[in-house]
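Peer 1:
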Amino acid sequence: MEEEANFDGVLVRIFKPTNTKGLIPGIVYIHGGGWYIFNTKTYSYFTKLLSKKANAVVVSVEYRLAPENTFPVPFDDCLNATKYFLINARKYNVNPDKVGIAGDSAGGNLSMAVALKLAIEPTLDIPKLAYQVLIYPCLQALDFNLSSFRENNIDRNTHCGLTRNAMILFNNLYAFGNYENFMAFSNNTHVTVAMKKKYRYRVDPKCLQGRYQMEPNDDTETDDTELANQISEIIFNPYFAPLMATDAQLGKLPNTFLITCEYDGLRDEGLILNERMKAINHPIKHLHLSGSEHGVLIYPYYNVYKSSVDRIAFYIQEITK
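Going left to right, the sequence shown walks through residues 7 to 327 as the numbering used here numbers them.
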């Protein structure tokens, strides 16, 4: 069953499984699209299938998009809709203690940002999230020269569904509503050397394994310190870029299921998140889709589509037992 609703001023699309009894789990789903494209209808096939397989009520959030709506507007929409659902879960036959959040790409960014906000600044009247599912999430804007971005560049022959240049563009549209600073981000001169070195441990490719591991170059100085200061106010905010969270903040997050893809500009930041969470003994399960590209879970014709949806649904069922 599918219906539309308004959660605290935010439009949502609700998917309910049939023939259920009692209170069941709930999923807040936040769609991808670079904060710039797509909507809940684009994802209806996926969210309906997820609702059926997980036997859960799925609330798909129709957050406002960039460039007309820059950070923090999309984040605030997702936060407000999530809080409303947590508080009013029983009205939708959902157990408020079994509600989690999930999203892919930009939706993975927003999902983790919302989870961070609720974990770092909890309130007594809002139940805690039970889990988060992060599907090839975008997590940082400090470094666009990670191995995954270099491998998946628009100038190269690539199977990638999300290239380096596209991700730089999307980040700029979300942050500023324009792409005037595109070249500064592309040249890695959008922040100062001191800033890069201060925050590098949070996005450190040296923690990766095998060929993904690399030594970052943080010695290229910006030629516009004033611009760098303006940019830093946004990109070092963990609600914009969740990898900017401290280890202590990451430790407050709910149980996590992370999916990464081989052919994806965002691959390495997902892998870095996995390494950081393992280092602090945070409960995380990681599924790496070798041979798959960014965006596979909105295209049912991919062979990996069904098995991945099954894995997500199984995780949710297990974590909400």
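No residue lacks a Cβ here, since even glycine has one placed at the ideal position from N, Cα and C.
#1: Please tell me whether Ala108 and Phe13 are closer than 7 Å, where the distance is taken between their beta carbons.
#2: CB-CB under 7 Å to Met220, same chain, minus the five flanking residues each way: which ones, in chain order?
#3: Whole angstroms is fine: what's the gap from Lys202's alpha carbon to Leu148's?
#4: Could you tell me how far apart the beta carbons of Tyr321 and Phe246 are, in whole angstroms, since I believe they sit closer than 8 Å?
#5: State whether the segment 280-295 contacts the segment 16-28, with contact taken as three or more CB pairs (one from each stretch) at a distance under 8 Å.
#6: If you drop the 5 nearest sequence neighbours on each side, which residues of the same chain put their C-beta closer than 6 Å to that of Ala119?
#7: Can you tell which of Gln323, Leu279, Tyr137 and Cys84 has its C-alpha closest to the C-alpha of Cys213?
#8: Between which residues of its own chain and Ile362 is the CB-CB distance below 8 Å, once the five residues before and five after are set aside?
#9: For Lys291, which beta-bridge partners are listed by DSSP?
#10: Find out if the Cβ-Cβ distance for the pair Val197, Ala234 is shorter than 7 Å.
#11: Under a three-way DSSP split, which group does Gly183 fall into?
#12: Please state if the CB of Ala112 and the CB of Cys84 are separated by a distance shorter than 7 Å.
#13: Hey, quick one: how far does the alpha helix (DSSP H) through Val334 stretch, first residue to last?
#14: For Tyr142, collect the residues of the same chain with a Cβ closer than 7 Å to its Cβ; drop the 5 residues on either side in sequence, then sort them by chain order.
#15: Return the residue from the list Ser117, Val199 and Thr252 that minimises the CA-CA distance to Met283.
#16: Just to confirm before moving on: does the CB-CB distance between Val79 and Val18 stay below 7 Å?
#17: On a CA-only basis, which of Lys327, Val16, Leu56 and Thr76 is nearest Pro306? Give me that one, please.
#18: Please state if the CB of Ala319 and the CB of Lys4 are separated by a distance shorter than 7 Å.
#19: Judging by CA-CA distance, which residue of Arg217, Ile237 and Leu179 is the nearest neighbour of Pro194?
#20: Beta carbon of Ile328, beta carbon of Lys89: below 7 Å?
#21: Out of curiosity, what's the CA-to-CA distance linking Thr326 and Gln138?
#22: In the structure shown, what three-state DSSP assignment does Phe13 receive?
#23: With distances taken from CA atoms, which of Phe150, Ala11, Ala72 and Asn171 is nearest Asn223?
#24: Leaving out five residues on either side along the sequence, give the residues of the same chain with a beta carbon under 8 Å from the beta carbon of Ser296.
#25: Tell me whether Ser298 is buried or exposed, calling it buried when 16 or more other Cβ atoms sit within 10 Å of its Cβ.
#26: Is the separation between the beta-carbon of Tyr180 and that of Ala72 shorter than 7 Å?
#27: In the DSSP assignment, the alpha helix (DSSP H) including Asp83 goes from what residue to what residue?
#28: Expressed to the nearest angstrom, what Euclidean distance is found between the alpha-carbon atoms of Met173 and Gly40?
#29: Could you give the residue range of the beta strand (DSSP E) that holds Ser66?
#30: Please state whether DSSP places Asn193 in a helix, a strand or coil.
#31: How about Thr169 and Asn187: are their beta carbons less than 7 Å apart?
#32: Could you tell me which uninterrupted beta strand (DSSP E) segments, each at least 3 residues in length, are contained entirely in the segment 101-168, listed from first to last along the chain?
#33: Do Tyr311 and Phe176 have their beta-carbon atoms positioned less than 7 Å apart in this structure?
#34: For Lys97, count neighbouring C-beta atoms within 10 Å of its own C-beta (all shown protein chains included) and say buried if the count is 16 or more, exposed if not.
#35: Going by C-alpha to C-alpha distance, which of Gly257, Ile20, Ala190 and Asn261 sits closest to Glu232?
Peer 2: A quick look at the data gives this:
#1: Residue 108 sits at position 102 when you count from the first residue of the sequence shown. Residue 13 sits at position 7 when you count from the first residue of the sequence shown. The beta carbons of Ala108 and Phe13 sit no closer together than 7 Å.
#2: On the sequence shown, residue 220 is found 214 positions in, with the first residue counted as 1. Same-chain partners within the cutoff: Ser153 and Pro211.
#3: Locating residue 202 in the sequence shown gives position 196, where the first residue counts as 1. Locating residue 148 in the sequence shown gives position 142, where the first residue counts as 1. Rounded to the nearest angstrom, the two C-alpha atoms are 7 Å apart.
#4: On the sequence shown, residue 321 is found 315 positions in, with the first residue counted as 1. On the sequence shown, residue 246 is found 240 positions in, with the first residue counted as 1. Contact between Tyr321 and Phe246 does not hold, since the beta-carbon distance rounds to 27 Å and is not under 8 Å.
#5: Contact between the segment 280-295 and the segment 16-28 is absent: fewer than 3 CB-CB pairs across the two stretches fall below 8 Å.
#6: Translated into positions along the sequence shown, residue 119 becomes position 113. Phe81, Tyr245 and Pro248.
#7: The sequence position of residue 213 within the sequence shown is 207, counting from 1. Considering only alpha carbons, the answer is Leu279.
#8: Lying before the first or after the last residue shown, residue 362 is absent from the chain, which here runs from 7 to 327.
#9: The residue you call residue 291 lines up with position 285 of the sequence shown. The partner list for Lys291 (beta bridge, DSSP) reads Phe263.
#10: Counted from its first residue, the sequence shown places residue 197 at position 191. Counted from its first residue, the sequence shown places residue 234 at position 228. Between Val197 and Ala234, the CB-CB gap stays under 7 Å.
#11: On the sequence shown, residue 183 is found 177 positions in, with the first residue counted as 1. Of the three classes helix, strand and coil, the one that applies to Gly183 here is coil, per DSSP.
#12: Indexing the sequence shown from 1 puts residue 84 at position 78. Indexing the sequence shown from 1 puts residue 112 at position 106. With contacts defined as CB atoms closer than 7 Å, Cys84 and Ala112 fail to qualify as a contacting pair.
#13: Residue numbering for the chain in the displayed model covers 7 to 327; residue 334 lies beyond these limits and cannot be assessed.
#14: Taking the first residue of the sequence shown as 1, we reach residue 142 at position 136. Only Asp110, Ser111, Gly114, Ile265, Thr266, Cys267, Asp270, Leu272, Gly276 and His300 meet the Cβ criterion.
#15: Residue numbering aside, residue 283 sits at position 277 when the sequence shown is read from its first letter. The shortest CA-to-CA distance from Met283 to any of Ser117, Val199 and Thr252 is the one to Thr252.
#16: Here residue 79 refers to the residue found at position 73 when the sequence shown is read from its first residue. Here residue 18 refers to the residue found at position 12 when the sequence shown is read from its first residue. Going by beta carbons, Val79 and Val18 fall outside the 7 Å limit.
#17: Translated into positions along the sequence shown, residue 306 becomes position 300. Comparing Cα positions, the closest option is Leu56.
#18: No statement about residue 4 is possible, as the shown extent of the chain runs from 7 to 327 and does not include it.
#19: Taking the first residue of the sequence shown as 1, we reach residue 194 at position 188. Residue identity check: residue 194 is Asn in the sequence provided, not Pro. Checking every option, the nearest Cα to that of Asn194 belongs to Ile237.
#20: The structure shown does not extend to residue 328, since the chain is modelled only from 7 to 327, so the question has no answer here.
#21: Sequence index remark: in the sequence shown, residue 326 carries index 320 (1-based). Sequence index remark: in the sequence shown, residue 138 carries index 132 (1-based). Between the alpha carbons of Thr326 and Gln138 lies a gap of roughly 12 Å.
#22: The residue labelled residue 13 in the question sits at position 7 within the sequence shown. DSSP places Phe13 within a strand segment (E or B) once states are collapsed to three.
#23: Position 217 of the sequence shown, counted from the first residue, corresponds to residue 223. Out of Phe150, Ala11, Ala72 and Asn171, Phe150 has the C-alpha closest to the C-alpha of Asn223.
#24: Translated into the one-based positions of the sequence shown, residue 296 becomes position 290. Sequence-distant Cβ neighbours of Ser296 in its own chain, meaning closer than 8 Å and more than five residues away, are Glu268.
#25: Sequence index remark: in the sequence shown, residue 298 carries index 292 (1-based). A buried status is given to Ser298, since no fewer than 16 other beta-carbon atoms sit within 10 Å of its beta-carbon.
#26: Position 174 of the sequence shown, counting from 1, holds the residue named residue 180. Position 66 of the sequence shown, counting from 1, holds the residue named residue 72. Yes, these two residues count as a Cβ contact at 7 Å.
#27: Mapped onto the sequence shown, residue 83 falls at position 77. Per DSSP, Asp83 belongs to the alpha helix (DSSP H) from Val79 to Ile93.
#28: One-based indexing of the sequence shown puts residue 173 at position 167. One-based indexing of the sequence shown puts residue 40 at position 34. Separation of Met173 and Gly40 (C-alpha to C-alpha, rounded to the nearest whole angstrom) is 7 Å.
#29: Counting from 1 along the sequence shown, the entry for residue 66 is found at position 60. Here the beta strand (DSSP E) through Ser66 covers Val63 to Val67.
#30: As a first step, residue 193 is located in the sequence shown; it is residue number 187 there, counting from the start. DSSP, reduced to helix, strand and coil, places Asn193 outside both helices and strands of the structure shown, so it counts as coil.
#31: Residue mapping note: residue 169 aligns to position 163 of the sequence shown, counting from 1. Residue mapping note: residue 187 aligns to position 181 of the sequence shown, counting from 1. Against a cut-off of 7 Å, the Cβ pair of Asn187 and Thr169 comes out as no contact.
#32: Listed in chain order, the complete beta strand (DSSP E) runs (minimum 3 residues) inside the segment 101-168 are 137-141.
#33: By one-based count along the sequence shown, residue 176 stands at place 170. By one-based count along the sequence shown, residue 311 stands at place 305. Contact flag unset, no.
#34: Taking the sequence shown and counting its residues from 1, the one referred to as residue 97 is at position 91. The residue in question, Lys97, is exposed, as its Cβ has fewer than 16 Cβ neighbours within 10 Å.
#35: Here the question's residue 232 lines up with position 226 in the sequence shown. Ranking Gly257, Ile20, Ala190 and Asn261 by CA distance to the CA of Glu232 puts Ala190 first.
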